[in-house]
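There are 2 protein chains.
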Amino acid sequence: MTDTVDLTLEEADALARDVLEAWGLAPDHAAAVAATMVAGERDGCTSHGLYRLLVAAASVEKGVVTPDAVPEVSEPAPALVRVDGKGGFAQLPFARGVPLLVEKARAKGVAAMALNNVVHFAALWPEVEALAREGLVALAFTANHAWVAPAGGTRPVFGTNPIAFAWPRPGREPFVFDFATTVIARGDIELHRRAGKPVPADWGYDAEGRETTDAKAVLDGAMRTFGGHKGSALAAMVELIAGPLIGDMTSAQSLASDAGRGGSPLGGELLIAIDPAGFLGDRVEEYLAHGETMFAAIEGQGARLPGARRIAARRETMERGLRIPAAFHAELLDLLQKGKTHATTGPARAASGGNDTGDGAAAD
Amino acid sequence: MTDTVDLTLEEADALARDVLEAWGLAPDHAAAVAATMVAGERDGCTSHGLYRLLVAAASVEKGVVTPDAVPEVSEPAPALVRVDGKGGFAQLPFARGVPLLVEKARAKGVAAMALNNVVHFAALWPEVEALAREGLVALAFTANHAWVAPAGGTRPVFGTNPIAFAWPRPGREPFVFDFATTVIARGDIELHRRAGKPVPADWGYDAEGRETTDAKAVLDGAMRTFGGHKGSALAAMVELIAGPLIGDMTSAQSLASDAGRGGSPLGGELLIAIDPAGFLGDRVEEYLAHGETMFAAIEGQGARLPGARRIAARRETMERGLRIPAAFHAELLDLLQKGKTHATTGPARAASGGNDTGDGAAAD
Chain A
1 MTDTVDLTLE EADALARDVL EAWGLAPDHA AAVAATMVAG ERDGCTSHGL
51 YRLLVAAASV EKGVVTPDAV PEVSEPAPAL VRVDGKGGFA QLPFARGVPL
101 LVEKARAKGV AAMALNNVVH FAALWPEVEA LAREGLVALA FTANHAWVAP
151 AGGTRPVFGT NPIAFAWPRP GREPFVFDFA TTVIARGDIE LHRRAGKPVP
201 ADWGYDAEGR ETTDAKAVLD GAMRTFGGHK GSALAAMVEL IAGPLIGDMT
251 SAQSLASDAG RGGSPLGGEL LIAIDPAGFL GDRVEEYLAH GETMFAAIEG
301 QGARLPGARR IAARRETMER GLRIPAAFHA ELLDLLQKGK THATTGPARA
351 ASGGNDTGDG AAAD
Chain B
1001 MTDTVDLTLE EADALARDVL EAWGLAPDHA AAVAATMVAG ERDGCTSHGL
1051 YRLLVAAASV EKGVVTPDAV PEVSEPAPAL VRVDGKGGFA QLPFARGVPL
1101 LVEKARAKGV AAMALNNVVH FAALWPEVEA LAREGLVALA FTANHAWVAP
1151 AGGTRPVFGT NPIAFAWPRP GREPFVFDFA TTVIARGDIE LHRRAGKPVP
1201 ADWGYDAEGR ETTDAKAVLD GAMRTFGGHK GSALAAMVEL IAGPLIGDMT
1251 SAQSLASDAG RGGSPLGGEL LIAIDPAGFL GDRVEEYLAH GETMFAAIEG
1301 QGARLPGARR IAARRETMER GLRIPAAFHA ELLDLLQKGK THATTGPARA
1351 ASGGNDTGDG AAAD
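Top to bottom, those sequences are chains A and B.
If you're matching positions, the first sequence starts at 1 in our numbering and goes up one per residue.
If you're matching positions, the second sequence starts at 1001 in our numbering and goes up one per residue.
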């Protein structure tokens, strides 16, 4: 018996959809969520890949998500789109809103979309990348659970509050970044905890607000924002524009609504899309080429563009398919069975390790 | 003789306008530029206060700015405003575009404004703050001169590329931040150079791409972005959306166009304004209160909000007026005379120290 299993992207997608449907997701939700997980696995972001099936199933079991919610799209203003996710996962609401967001961005020059009342467990990059594939420049922001202290403080206020950006590149994969506004991903702290390893003293504080190198103490205390007061300012901005601005919860409110269940965070997301043709008219090609000159100046000195590692992994996967550990594959098949049992007999532990670590943002 | 001079804000404004008009600025330009400088001085941002009169005069003398440019406002798309600054300072084009930007943000929910072909020497916070006073949430971005290396590289690609944000607070000064995406302000490196002091090794590289603690070597080499690869990603975003996206120059193009004159950078600026009423309708007050809860959670643990120092300085100035060094006041009177001479006899050195340091963003 080999210790890995090879899957085509289609096979991985079918398996993911099967698991999600077994756990009660409506087929359109399962398809949207599976596509995001398979994209993560394909791009080498294993923490945002098929592993998230365990997280999603755990959120269903904990009752923090409505697996068959029917998203409702509305137009609160001529350049605004709102999708009420009705407590379901964010992927389907995003997909349902995109056509209108794209249409409005092209018609008005700039448009914004709020996803409200959605459960978010995934990276933001698949969303902004999808908009860049439509030729738009896109920004996305989401708050989550209050785990992060502001600069100058030691008690949690912010979520890991990721920021994602995408820029269309003619004939190439879009330029995309997506990062949490924390020093380090929450999942990395969790890995240190499991391994019994100390964390660097600048990752966070314990529940009494003291510096600590104990991973569990940081998880129970507060993480730090990246980049000192500047990262903290950005985290505050994300908190405001992905929460109150769109009529949704702050990270503190979202954590309170979780009520200790440890599910993926319920809340809002803000997307902004700008059509380059709005300002550039028929000179889009000419000015996108100036962007390419900048990218060449970065890569020409040996520096890596954000997302470059993901794109390299994507190319490799497209050629060779996916390869996952056999034990993990067995775990997914087990999760599939548990889902079927769950559907007929009610709650049973979805899986170990299904707590959401809040790493909505990939490392790059 | 005392070594300080007291000025009311009105007196400072009149002096600033006199100097700027003496240096050839049209009265409407002089009024807009003076208002920004006096606001900086009032808020204790002395590096962005009346000191910038020297910088502005130097830019006139070096021929990098058109002091009497007539800005042209247009509407490239229903939610977009463009102001062509025609090579003049940015303040008047901003002021000319604001009414239409505000109108569009309220009508469409979100709107964006590009300032093109403007010379920028000031912080961005006065602009986003002005929009927040209209009840809007605002973002601003501008590139400048290529002085900053991307993470993983050592050669300049980006400008200091500030990001500014403002959020309206009922009954209070808006929440505002404005920071360069660099580790440190260029002006701080300049101060170290003048004082003959070494700089920390993580501030930048020399022209050969080596780590250095020599301030002049960093000024001639490359500064670093803040926050590692995350800050670098944000700097790239600013470069793209305040340059190519709006049909304007990148920092490399802007530096090239300066052709060694050392003037304030010519280029573009992007502003995005979102009306909270767009998503919130008649629940604006309720949701802005949730923002206030977040601010209280930050301040309640002894952490300072971005901009708090400025607002404290502002309150003090409003009570006591401005107090500037007598030597600096004399320098400004001298600059006024030189401007009058310049107007009648042509170029003469505006002032020492008038090189633009590119610190378009205030420290907080």
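Glycine is no exception: its CB is placed at the ideal position from the N, C-alpha and C atoms.
Remember, it's a predicted structure, so these values are computed and weren't measured experimentally.
Here VAL1238 (chain B) has PHE1141, ALA1143, ASN1161, ILE1163 and THR1181 as same chain residues with Cβ atoms under 7 Å from its own Cβ, once five neighbours each way along the sequence are excluded.
Looking at the DSSP output, GLY1281 (chain B) shares a beta bridge with no other residue. Take SER254 (chain A), set aside five residues on each side of it, and the residues of its chain with a beta-carbon closer than 8 Å to its own are ALA143, ASN144, HIS145, ALA146, GLY159, PRO265, LEU266 and GLY267, in chain order. Proximity of GLY1267 (chain B) to chain A, defined by a Cβ-Cβ separation below 8 Å, is not satisfied. The alpha-carbon separation between VAL102 (chain A) and GLU134 (chain A) amounts to approximately 7 Å. At a cut-off of 8 Å between beta-carbon atoms, HIS229 (chain A) makes contact with chain B. Contacts with chain B (Cβ-Cβ distance below 9 Å) from the stretch 141-155 of chain A involve ALA146, ALA149, PRO150, ALA151, GLY152, GLY153, THR154 and ARG155, listed in chain order.
Apart from sequence neighbours up to five positions away, the residues of its chain that approach HIS1192 (chain B) with a beta-carbon distance below 8 Å are PRO1198, VAL1199 and ALA1215, ordered along the chain.
Residue pairing of VAL73 (chain A) in beta bridges, as defined by DSSP: A:VAL83. In chain order, THR1212, ASP1214, ALA1217, VAL1218, ASP1220 and GLY1221 place their CB closer than 8 Å to the CB of ASP1206 (chain B), counting only its own chain and leaving out the 5 sequence neighbours on each side.
Assigned with DSSP and collapsed to three states, LEU25 (chain A) falls in coil, not helix or strand. For TRP1125 (chain B), no Cβ of chain A is located within less than 8 Å of the residue's own Cβ.
Here the C-alpha atom of ALA1111 (chain B) lies approximately 8 Å from the C-alpha atom of LEU1271 (chain B). Contact between LEU1124 (chain B) and ASP1068 (chain B) does not hold, since the beta-carbon distance rounds to 24 Å and is not under 8 Å. Taking a C-beta cut-off of 9 Å against chain B, the contacting residues of the stretch 234-247 of chain A are LEU234, ALA236, MET237, GLU239, LEU240, ILE241, GLY243, PRO244, LEU245, ILE246 and GLY247, listed in chain order.
In the assembly as shown, PRO27 (chain A) is an exposed residue. Its beta-carbon has fewer than 16 other beta-carbons within 10 Å. If you check each beta-carbon in the stretch 163-179 of chain A against every beta-carbon of chain B, the ones closer than 7 Å belong to PHE165, TRP167, PHE177 and PHE179.
Chain order gives no chain B residues near ALA90 (chain A), where near means a beta carbon separation below 7 Å; the closest approach is about 17 Å. CA-CA distance, ALA1151 (chain B) to TRP23 (chain A), rounds to 43 Å. The Cβ atoms of PRO71 (chain A) and GLY85 (chain A) sit closer than 8 Å to each other. Here DSSP, grouped into helix, strand and coil, assigns VAL110 (chain A) to strand. Neighbours of LEU80 (chain A) across chain B, judged by C-beta separation under 8 Å: LYS1108, GLY1109, VAL1110, GLY1278 and PHE1279. For the stretch 248-259 of chain A, residues whose beta-carbon sits nearer than 9 Å to a beta-carbon of chain B comprise ASP248, MET249, THR250, SER251, ALA252 and GLN253. When the beta-carbon positions are compared, GLY1263 (chain B) and VAL1064 (chain B) come within less than 8 Å of each other. Around the Cβ of ASP1248 (chain B), a 10 Å sphere holds 16 or more other Cβ atoms; the residue is buried. For PRO1325 (chain B), the enclosing beta strand (DSSP E) stretches over residues 1322-1325. When the beta-carbon positions are compared, PHE295 (chain A) and LEU305 (chain A) come within less than 8 Å of each other. Excluding its 5 nearest sequence neighbours in each direction, SER74 (chain A) has C-beta neighbours in its own chain below 6 Å: ARG82, listed in chain order.
Against ALA1032 (chain B), chain A offers no close residue; the least beta-carbon distance is about 23 Å (beta-carbon pairs closer than 9 Å). Sixteen is the threshold: when 16 or more other Cβ atoms of the shown chains lie within 10 Å of the Cβ of ASP1258 (chain B), as they do, the residue is buried. By the neighbour-count criterion, in which a residue is buried when 16 or more other Cβ atoms sit within 10 angstroms of its Cβ, ALA1233 (chain B) is buried. Counting along the chain, the unbroken beta strand (DSSP E) around GLY268 (chain A) starts and ends at 266-274. Under the DSSP assignment, ARG1224 (chain B) falls in the beta strand (DSSP E) whose first and last residues are 1222-1224. Exposure of ARG1320 (chain B) is indicated by the presence of fewer than 16 other C-beta atoms within 10 angstroms of its C-beta. Per DSSP, reduced to three states, the secondary structure at GLY44 (chain A) is coil, with no helix or strand assignment. If you keep only unbroken alpha helix (DSSP H) runs of at least 4 residues inside the stretch 1204-1263 of chain B, you get 1215-1220, 1228-1241 and 1251-1258.
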